[in-house]
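Peer 1: Numbering (the working numbering), first residue to last: 7 to 348.
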Amino acid sequence: MHRFMKEINIVFEELKPEDRIVITMHQKPDPDAMGSTLALFHFFDKQGYQVIVISPTNWADFLKWMPGVEKVIDFEANNTLAKEYLFAADWIFCLDHNHFSRTRHMESILFSLSSKKVLIDHHREPDTASFYCGISDIRKSSTAEMVYDFILLSGKKELLDRDIATCLYAGVMSDTGSFRFSSTTPSVHFMVAELMGFGIDHPRIHTNILDNFQENRLRFIGHVLTHRLEVLYEHNTAIIAIPKSDILRYHIKTGDTEGLVNYPLSIQGIEMAALLIDRDEERKWSFRSKETFDCNTFARKYFRGGGHYNASGGRSTDSLEENVNQFKKALKEFNALTINQK
Ligand code: 5GP
Ligand code: MN
């Protein structure tokens, strides 16, 4: 049955004090996914709701300092407990993703549950039919900014505190590339000014997220930039394809490849950068662009993915080599198509 997603205000009318709330995000959460869910968690927790955060998978070490992160349940590592909470939930808030396929093994459970599902997200082409109500706004810098808006909309702004501000700052800082991307609107800076009023330690938040790796990760980056980077000047594109052997040799774990896709964009003239990583069960793509390359459409059309205009991801079960070949072919076709449209 197709129906339209209702406006998010309905939450304030229908949420009862005894209702059980689960908050979840996309697999392998980034700072925006983790920061926005934890901020919303604190907001409900302070009001006495039964609320829990479930992540579809594990998360990077550079998120392990966030206030409340110790209470987050890893669906894969703690499956029985996570399922108990999911099956008992009256409301499921889905943050920083807009399709259940982004929740890995939780996907079929989310589809099957009849609880009220609420969407708060800023990615393109939401699967609105899967949600009872929510907000989807691609103009928003981050889901963290949307959670801030949600708190204001609730009329309970007085519940904002240092922990919530810290989580929200981490999310928006990360999703705007430290306030650099075009998504950094005046309202982002106004919000950040408010958040700083709570005495957050913003230099520490930057350090916790950006300077929190081990030596092996830097050596790994040196290795892949030397041996795995291919620059396709004729397409203003660069690609880094990382075989499993590199991952094993450098003991690379969740979060260690974060940000790597951006390095080739520092080359003059390079408009798009692609990163391909050989993971256990699939090959994972990341795409980033500077200005006019539409990463979302590209990922959606060729690699079962999506995301934003300048940042998207995708995946495939084909081999690394097959993926690289498909990528080169796709790039040619895509560029030809876009040039024809201009
Ligand atoms: P990343 O490259 O950091 O994994 O993802 C970049 C952006 O694309 C993020 O906003 C992420 O949510 C989105 N994204 C990554 N992988 C996928 C995917 O497989 N499908 C969709 N729809 N979006 C993705
Ligand atoms: Mn986000």
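The beta-carbon is built from N, C-alpha and C at its ideal position, and this holds for glycine as well.
(1) Taking its Cβ as the centre, do 16 or more other Cβ atoms sit within 10 Å of Asp38, making it buried, or is it exposed?
(2) Taking a contact to mean a Cβ-Cβ separation below 8 Å, would you say Asp36 touches Ser180 in this structure?
(3) For the candidate residues His212, Ile215, Ala279, Glu113, whose alpha-carbon lies nearest to that of Tyr239?
(4) Could you check what DSSP says for Ile211 in three-state terms: helix, strand or coil?
(5) Cα-Cα, which of Leu201, Trp65, Gln332, Phe219 is closest to Ala176?
(6) Using the Cα positions of Asn268 and Ile345, report the straight-line distance between them to the nearest angstrom.
(7) Using three-state DSSP, classify Lys89 as helix, strand or coil.
(8) Just grab the DSSP bridge partners of Val124 for me.
(9) Compare the C-alpha of His103 against each of Thr172, Met72, Thr149, Lys77 and name the closest.
(10) Under the rule that 16 or more other beta-carbon atoms within 10 Å means buried, what is Leu343, buried or exposed?
(11) Let me confirm a value: Asp262 is counted as buried when at least 16 other C-beta atoms fall within 10 Å, else exposed. Which label applies?
(12) Which residue or residues does DSSP assign as beta-bridge partners of Met278?
(13) How is His8 classed by DSSP in three states: helix, strand or coil?
(14) By DSSP, does Phe333 sit in helix, in strand, or in coil?
(15) Ignore the nearest five residues each way along the sequence and tell me which others in Gly146's own chain have a CB closer than 7 Å to its CB.
(16) Would you check whether the ligand MN has a heavy atom nearer than 7 Å to the C-beta of Asp143?
(17) Taking a contact to mean a Cβ-Cβ separation below 8 Å, would you say Trp65 touches Thr191 in this structure?
(18) For the region 155-172 and the region 12-20, state whether three or more C-beta atom pairs, one from each stretch, are separated by less than 8 Å.
(19) Consider the C-beta atom of Val267 and the heavy atoms of the ligand 5GP; say whether any pair is separated by less than 7 Å.
(20) Take Thr213 as the anchor and find which of Lys70, Leu46, Asp25, Gln53 has the nearest alpha-carbon.
(21) Evaluate His32 with the Cβ neighbour count: other Cβ atoms within 10 Å of its Cβ, from every protein chain shown; 16 or more gives buried, anything less gives exposed.
(22) If you draw a straight line from the alpha carbon of Ser315 to that of Arg294, how long is it in whole angstroms?
(23) Measuring only the C-alpha atoms, how far is Gly320 from Thr43?
(24) Among Arg186, Asp96, Ile126, which one has its Cα closest to the Cα of Phe106?
(25) Closest to Ile215 by CA distance: which of Met11, Thr298, Phe10, Gly41 is it?
(26) So, Ile245 versus Asp284, is the Cβ gap smaller than 8 Å?
(27) Fully enclosed by the region 139-183, which alpha helix (DSSP H) runs are 4 residues long or longer?
(28) Take Gly311 as the anchor and find which of His233, Leu174, Pro132, Glu297 has the nearest alpha-carbon.
(29) Is it a yes or a no for the region 181-188 touching the region 224-232, going by three-plus beta-carbon pairs under 8 Å?
(30) Can you tell me the Cα-Cα spacing of Thr298 and Phe50, whole angstroms?
(31) Less than 7 Å between C-beta atoms, sequence neighbours within five positions excluded: which residues of the same chain meet that for Leu326?
(32) List the endpoints of the continuous beta strand (DSSP E) containing Thr30.
(33) Mind checking Gly54: buried by the 16 CB within 10 Å criterion, or exposed?
(34) Roughly how many angstroms separate the alpha carbons of Cys100 and Glu13, rounded to a whole number?
(35) Comparing alpha-carbon positions, which option in Glu287, Pro270, Ser272, Ala88 lies nearest Met112?
(36) Name, in chain order, the residues that DSSP records as bridge partners for Glu19.
Peer 2: The structure says:
(1) Buried, since its Cβ has 16 or more Cβ neighbours within 10 Å.
(2) Yes.
(3) Comparing C-alpha distances from Tyr239 to each of His212, Ile215, Ala279, Glu113 shows the shortest one belongs to Ala279.
(4) Helix at Ile211.
(5) Of Leu201, Trp65, Gln332, Phe219, the residue nearest in Cα terms is Leu201.
(6) In this structure, the alpha-carbon of Asn268 lies about 24 Å from that of Ile345.
(7) Look at Lys89 here: in three-state DSSP terms it is helix.
(8) DSSP output for Val124 lists Phe99, Cys139 as bridge partner(s).
(9) The candidate whose alpha carbon is nearest that of His103 is Thr149.
(10) The residue in question, Leu343, is exposed, as its Cβ has fewer than 16 Cβ neighbours within 10 Å.
(11) With a threshold of 16 other beta carbon atoms within 10 Å, Asp262 meets it and is buried.
(12) In the DSSP output, where bridge partners are listed per residue, Met278 has Thr243, Ser295.
(13) With a pLDDT of only 40 at His8, under the threshold of 50, the placement of this residue in the model should not be trusted, and no figure is reported.
(14) In this structure, Phe333 counts as helix in the three-state DSSP scheme.
(15) The sequence shown places Lys at residue 146, rather than the Gly named in the question. For Lys146, the CB contacts under 7 Å within the same chain, skipping 5 residues up- and downstream, are His128, Met152 in chain order.
(16) No; taking the cut-off as 7 Å, the Cβ of Asp143 has no heavy atom of the ligand MN nearer than that.
(17) Cβ distance not < 8 Å, so Trp65 and Thr191 don't count as in contact.
(18) As far as the Cβ criterion goes, the region 155-172 touches the region 12-20, which means the pair count is three or higher.
(19) Indeed, a heavy atom of the ligand 5GP lies less than 7 Å from the Cβ.
(20) When each option's Cα is compared against that of Thr213, the closest is Lys70.
(21) Classified as buried, His32 has 16 or more neighbouring CB atoms from the shown chains inside 10 Å of its CB.
(22) Residue identity differs from the one stated: residue 315 is Tyr in this sequence, not Ser. Cα-Cα distance, rounded: 9 Å.
(23) So the two alpha carbons sit approximately 23 Å from each other.
(24) When C-alpha distances from Phe106 are compared across Arg186, Asp96, Ile126, the shortest belongs to Ile126.
(25) Comparing Cα positions, the closest option is Gly41.
(26) No, Cβ-Cβ distance for Ile245 and Asp284 is not below 8 Å.
(27) Annotation note: the region 139-183 contains the following uninterrupted alpha helix (DSSP H) runs of length 4 or greater, listed N- to C-terminal: 149-159, 168-181.
(28) Ranking His233, Leu174, Pro132, Glu297 by CA distance to the CA of Gly311 puts Pro132 first.
(29) Two segments are said to touch when three or more pairs of C-beta atoms, one from each, lie closer than 8 Å; by this definition the region 181-188 does not touch the region 224-232.
(30) Each residue's alpha carbon lies about 40 Å from the other.
(31) Taken in chain order, the residues that qualify are Ala247, Pro249, Leu282, Asp284, Arg289.
(32) Segment 26-30, the beta strand (DSSP E) holding Thr30.
(33) It counts as exposed.
(34) Taken atom to atom, the span from the alpha-carbon of Cys100 to that of Glu13 is near 15 Å.
(35) Of Glu287, Pro270, Ser272, Ala88, the residue nearest in Cα terms is Ala88.
(36) For Glu19, DSSP assigns no beta-bridge partner whatsoever.
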